[in-house]
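Trainee:
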Amino acid sequence: MASLSPWETFIQSLLTSMLGRQDVLTTLLRQMSFGLIDVVPPPDAPSLTSQITLVLQAIQETQDMLTGLATGETIQFDAVLAAIAALPDGSGPVVLPTSPPTGYGSSLDAAGVWTYNLGPDDVTTGDMLEIAGHLARNTNAAGALITGNNRYFQLEGAIGAEGYYFVNMGLPSLNPMNITAGQTRLEWLTAEIDYVDWILDASNDLYYFQDRPPSSDLIWRCMIDEEWFNRLQVAAVGAVTSQNNLPPVWPGFENVTLGDTFDIAPGLTITAPMDGVIVTLIALPTKSSFFTFDDINSYRNIGAISFFTDDGEQEFPQGLGFTSAIYCPKTMAQAAGVKLRTVGGVSGTVIPWVRTV
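Residues are numbered in our numbering as their position in the sequence shown, beginning at 1, plus a constant of 255.
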């Protein structure tokens, strides 16, 4: 950037120092007009007098603009206060206009107001009030139902078509984890919601039921199509299959069914589906060695049990020890039976059990 000439530097410093000082600029202009200040500009420079005059004009225009803005703001503020003051305070009755607004019509009678046609669809103000009333009432009572959407259902129909508080059934729900192997979509839907008649819409292969049968003005459409159902079924059945393929565990006494009681003998085989056995030892050899777990003993080398599969294969044996103990298969979901081995002098009982959950 080129450096300023001495004359330009003088003008810049003068204008900068005089900014906001209209009185000083006026005095300076007068002194120059009387020849009291002698500044010699270069031949091609604008007149200093004309430059200062322009500055004074700009300052005056700015002041006029600010004054105009302040006046306009005051007028608008006064108008807002007047409008607020004109509002009724609620202590008295509302004063209605004595004549309709321009373009509204010619009557303020109730019949004329509520039958007024709002447009080319022949919708009256009364129609709109009724629809808005249904909307507000349902929103207050049923919340999100008014949107007609949830994960598995879509509510369809005209809000005001039934002429009354329209959602009758309430929000339906489904649990895809209840789908079983070989079950059809309709069978699952019927099992989940058995108090409605499911109808297949052939146009989109989706099932629905009527909110107020036999009226079809409002329906709950299940958005799960066949492809979606197949994926849900794979997930549900796969989860169950995975659970069933795990070795059983003791689920609590209230969740098992006990089988027959068998007396312990040196060679005992129990053949029956079982998730485990309860072994109770009554008598033991007098010289049996043991480990002590606080106040109970676990005896050594007195016998063992071995579960076997439905195909006859044996599982690795588990040693007997405590006088009362539960044993479960470790390598199968359910055993087809169990074999028992004991040394002489051992007596007691074996009770098979199966889970009920």
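Each residue gets a CB set at the ideal place from its N, CA and C atoms; glycine is no exception.
How far does the alpha helix (DSSP H) with Val368 in it reach, from first residue to last?
Mentor: 365–369
Trainee: Helix, strand or coil for Glu411, going by three-state DSSP, please let me know.
Mentor: strand
Trainee: Assuming Asp480 contacts Phe464 (C-beta within less than 8 Å), just tell me the rounded distance between them.
Mentor: About 16 Å; that fails the 8 Å criterion.
Trainee: Within the continuous alpha helix (DSSP H) that includes Ala588, where are the two ends?
Mentor: Run containing Ala588: none; DSSP gives neither H nor E here.
Trainee: Identify every run of the alpha helix (DSSP H) within the region 468–525, keeping only runs that are complete inside it and at least 4 residues long; order them along the chain.
Mentor: 481–499
Trainee: What does DSSP give as the partner residues of Asn552 in its beta bridges?
Mentor: DSSP, once it has assigned bridges, lists Thr547 as partnering Asn552.
Trainee: On a CA-only basis, which of Asp319, Ile339, Trp608 is nearest Phe508? Give me that one, please.
Mentor: That would be Trp608, whose Cα lies nearest to the Cα of Phe508.
Trainee: In this structure, how does DSSP classify Leu400 when only helix, strand and coil are distinguished?
Mentor: Bear in mind that a pLDDT of 43 at Leu400, under 50, signals an unreliable position, so the model cannot answer this.
Trainee: Would the beta-carbon of Val511 fall within 7 Å of that of Ala436?
Mentor: no
Trainee: Less than 7 Å between the C-beta atoms of Phe563 and Ala591, yes or no?
Mentor: yes
Trainee: Report all residues from its chain with a CB closer than 6 Å to the CB of Lys594; omit the five preceding and five following residues, and keep chain order.
Mentor: Thr524, Ser561
Trainee: Go ahead and pull the three-state DSSP assignment for Trp453.
Mentor: coil
Trainee: With a threshold of 16 other CB atoms inside 10 Å of the CB of Arg626, please say whether the residue is buried or exposed.
Mentor: Shown here, the chain extends from 256 to 612; a query on residue 626 therefore has no answer.
Trainee: Mind checking who Ile606 pairs with in its DSSP beta bridge?
Mentor: Ile533
Trainee: Can you tell me whether DSSP reads Asp382 as helix, strand or coil?
Mentor: Here Asp382 sits in helix by DSSP.
Trainee: Do you know whose CA, among Asp466, Ser470, Leu342, Asp319, lies nearest Phe408's CA?
Mentor: Asp466
Trainee: If you run the structure through DSSP and keep just helix, strand and coil, what is Ala416?
Mentor: Residue placement at Ala416 is poorly supported in this model, since its pLDDT is 46, which falls under 50; the coordinates still yield a value, given next. Reduced to three states, the DSSP call for Ala416 is coil.
Trainee: Just how far apart, CA to CA, sit Leu501 and Ala527?
Mentor: 19 Å
Trainee: Taking 7 Å as the limit between beta carbons, can you name the residues of its chain near Asp460, skipping five residues before and five after?
Mentor: Asp480, Glu481
Trainee: Taking its Cβ as the centre, do 16 or more other Cβ atoms sit within 10 Å of Ile307, making it buried, or is it exposed?
Mentor: buried
Trainee: Classify Ile434 as helix, strand or coil using the three-state DSSP reduction.
Mentor: coil
Trainee: Got a sec? Which residues, its chain only, sit under 7 Å from Val612 by beta carbon, not counting five neighbours each side?
Mentor: Pro506, Asn510
Trainee: Which residue wins for smallest C-alpha separation from Gln438, given the options Arg596, Val368, Asn485?
Mentor: Of Arg596, Val368, Asn485, the residue nearest in Cα terms is Asn485.
Trainee: Can you grab the Cα-Cα spacing for the pair Pro348 / Ala334, in whole Å?
Mentor: 24 Å
Trainee: When the Cα atoms are used, what is the spatial distance from Val620 to Ala588?
Mentor: Limits of the chain in this structure are 256 at one end and 612 at the other, which puts residue 620 out of reach.
Trainee: Return yes when the Cβ of Leu487 is within less than 7 Å of the Cβ of Pro431, no when it is not.
Mentor: yes
Trainee: Regarding Thr357 and the ligand ATP, is the C-beta to nearest heavy atom distance less than 6 Å?
Mentor: In the structure on display, the ligand ATP does not appear, and there are no ligands present to speak of.
Trainee: Around the C-beta of Gly558, are 16 or more other C-beta atoms found within 10 angstroms, so that it is buried, or is it exposed?
Mentor: buried
Trainee: Out of Asp449, Trp475, Pro468, Ala446, which one is the CA nearest neighbour of Asp456?
Mentor: Trp475
Trainee: Can you have a look at Val378 and say buried or exposed, based on whether 16 or more other CB atoms are within 10 angstroms of its CB?
Mentor: That one is exposed.
Trainee: Using only CA atoms, which one of Gly603, Arg596, Pro521, Met478 lies nearest to Ile533?
Mentor: Among Gly603, Arg596, Pro521, Met478, the Cα nearest to that of Ile533 is on Gly603.
Trainee: For Gly418, count the other beta carbons within 10 Å of its own beta carbon; 16 or more makes it buried, fewer makes it exposed. Which is it?
Mentor: Here the model assigns Gly418 a pLDDT of 47, short of 50, so the residue's position is not dependable, and the following value carries that caveat. Classification for Gly418: exposed.
Trainee: When we look at the beta-carbon of Arg406 and count the other beta-carbons within 10 Å, is it buried (16 or more) or exposed?
Mentor: Under this definition Arg406 is an exposed residue.
Trainee: Taking Glu447 as part of the alpha helix (DSSP H), name the residues at either end of that continuous run.
Mentor: 440–447
Trainee: Which word fits Thr597, buried or exposed, when buried means at least 16 other C-beta atoms lie within 10 angstroms of its C-beta?
Mentor: Buried: at least 16 other Cβ atoms inside 10 Å.
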